[in-house]
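2 protein chains.
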Amino acid sequence: MPDIPPASPPTDGDDLAERIRATGARATPARIRVLELLTAAPAPLSHQDIEGALGAASLDRVTLYRVLDWLVESGLAVKRADERRVWRFSVVGGGVHHGHVHFRCETCGRVFCLDAPAPRPPRLPGGFTLARAELDLSGRCAECNAGGGGT
Amino acid sequence: MPDIPPASPPTDGDDLAERIRATGARATPARIRVLELLTAAPAPLSHQDIEGALGAASLDRVTLYRVLDWLVESGLAVKRADERRVWRFSVVGGGVHHGHVHFRCETCGRVFCLDAPAPRPPRLPGGFTLARAELDLSGRCAECNAGGGGT
DNA sequence: CGACAGATGCAACAGAGTTGCATGAATACA
DNA sequence: TGTATTCATGCAACTCTGTTGCATCTGTCG
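Protein sequences, first through last, are from chains A and B.
Residue 1 is where the first sequence starts when you use the numbering used here, and the numbers rise one by one after that.
Residue 1001 is where the second sequence starts when you use the numbering used here, and the numbers rise one by one after that.
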């Protein structure tokens, strides 16, 4: 399990509450906490990551699923299945993420967001229309390469 | 569920059996049928696709999982998690597939293989090493665009 | 044809995610 | 400020995908 270093400065809870209310939903502790975590995270988080990160203040599993689902529905986050077949969520609009390149370390399992433009998609067959393109890279991250760890 | 049109000409069972034995494994009906299906399929198949396609001659679920796993281990196929969090398998070496671009239709759920080269990956952060790059596209396929079919 | 190792099938299990329903709490309104 | 309303939460049970253990069967080799 990758730990979740707080990369961004701790976003103000009230600010988040505002943003939540702006979507027409209620600003509940659960939503604020989760949105806070996702905003601070440097990479997409899985349900499990979030559960772990919440620690003592853990929510019910179902509630977490619902909060995440709500985040996606309201456009505050996007979800996407990773190589391990689990959903990973990342916020959008917070200036943090959107449709760019992800790198998954095959040794430690962490997912990194690369500061690279979305790839230029190839020509599609006739009649096909493109909605989204995602470039997924995998390999070893700097830490794992340095530490020499891994099989 | 996408139906599975037999795109390639029906590969000879004996030929497949040969290929299976070449890996040092036994040429069992289960393996031959699954390999046959995967070879004929124009796109990666999920476990469920295969189960459906086998129809009457269906295998035990576990056996199918094991056969698929064996295919991957022996290098005859590759597996990869799709957007719906299920594994999709495709043969390699049969001249059909390897590490290229996939397109998933968001309407019918089918996965297509585009005859395009793998994308050129962006520069990685220092210390990172790349093992694999996958470009995943999604949108609507020609049929769904033409048929105007929604859900 | 017979033996043996590998493959199959059954059953039970595990992890991720979903659904139904009663209770609780954030908002709205008096 | 207090109350009502309605959305959100938590619990339990369930589905779906995939895995593991073990007994039985069968493809392959002699």
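Quick reminder that beta carbons are idealized off the backbone N, C-alpha and C, glycines included.
Predicted model, so just to flag it, every value in this text is computed and none were measured.
Using the rule of at least 16 other Cβ atoms within 10 Å of the residue's Cβ for burial, across every protein chain shown, is A/T129 buried or exposed?
-> By the 10 Å Cβ count, A/T129 comes out exposed.
Do you know offhand how far B/R1033's Cα is from B/T1039's?
-> 10 Å
Can you list, in chain order, the stretches of the beta strand (DSSP E) that have 3 or more residues and sit fully within the segment 1052-1136 of chain B?
-> Look at the segment 1052-1136 of chain B and you find these whole runs of beta strand (DSSP E), each 3 residues long or longer: 1077-1081, 1087-1091, 1101-1105, 1111-1114.
Could you tell me the distance, in whole angstroms, from the CA atom of B/G1126 to the CA atom of B/R1085?
-> 31 Å
Establish whether the CB of A/R132 and some CB of chain B are separated by less than 8 Å.
-> yes
By Cβ distance, which residues of its chain are closer than 6 Å to B/S1046, with the 5 residues on each side in sequence left out?
-> Closer than 6 Å at the Cβ level, and outside the excluded window around B/S1046, lie V1086, R1088.
A/G147 - containing alpha helix (DSSP H), residue span | Boundaries of the alpha helix (DSSP H) harbouring A/G147: 142-147, taken from the DSSP string.
So what does A/G139 bridge to, in DSSP terms?
-> A/C105, B/L1130
Looking at the C-beta of A/H98, does it have a partner C-beta in chain B at a distance below 8 Å?
-> A caution first: A/H98 carries a pLDDT of 46, below 50, which makes its placement in the model unreliable, though a value can still be read off. It does not: the Cβ of A/H98 has no partner Cβ on chain B nearer than 8 Å.
Quick one, which residues of the segment 1056-1067 of chain B are near chain A if we go by CB-CB under 8 Å, in chain order?
-> none
Close beta carbons around B/R1026, own chain, < 8 Å, minus the five adjacent residues each side = Answer for B/R1026: I1020, listed in chain order.
Classify B/G1024 as buried or exposed, calling it buried when 16 or more other Cβ atoms lie within 10 Å of its own Cβ.
-> By the neighbour-count rule (16 or more Cβ atoms within 10 Å), B/G1024 is not buried but exposed.
Neighbourhood of B/L1037 by C-beta distance below 8 Å, restricted to the same chain and skipping five residues each side = Excluding residues within five positions, the ones whose Cβ falls inside 8 Å are I1004, L1045, I1050, A1053, L1054.
Interface positions of the segment 1025-1054 of chain B facing chain A (Cβ-Cβ less than 7 Å), listed along the chain = So nothing in the stretch comes that close.
Are A/A41 and A/V67 touching if we call contact CB-CB under 8 Å?
-> no
Quick one: give me the first and last residue of the alpha helix (DSSP H) that B/P1029 is part of.
-> 1029-1040
For A/S138, which residues in chain B fall below 7 Å Cβ to Cβ?
-> A1131, R1132
Can A/L135 and B/A1133 be called in contact, C-beta distance under 8 Å?
-> yes
Taking C-beta pairs closer than 8 Å, name the residues in chain A that B/A1022 reaches, listed in chain order.
-> Near B/A1022 there are no residues of chain A at all, since even the closest Cβ is about 28 Å away, more than 8 Å.
Which bits of chain A does B/L1076 rub up against, with CB to CB less than 7 Å?
-> What B/L1076 touches in chain A: nothing, since even the nearest Cβ is about 20 Å away.
Any beta-carbon of chain B closer than 8 Å to the one on A/L71?
-> No, because no Cβ of chain B sits closer than 8 Å to the Cβ of A/L71.
Which one of A/C108, A/A43, A/T63 has the shortest CA to CA distance from A/N145?
-> A/C108
For the candidate residues A/A142, A/D60, A/D15, whose alpha-carbon lies nearest to that of A/F103?
-> A/A142
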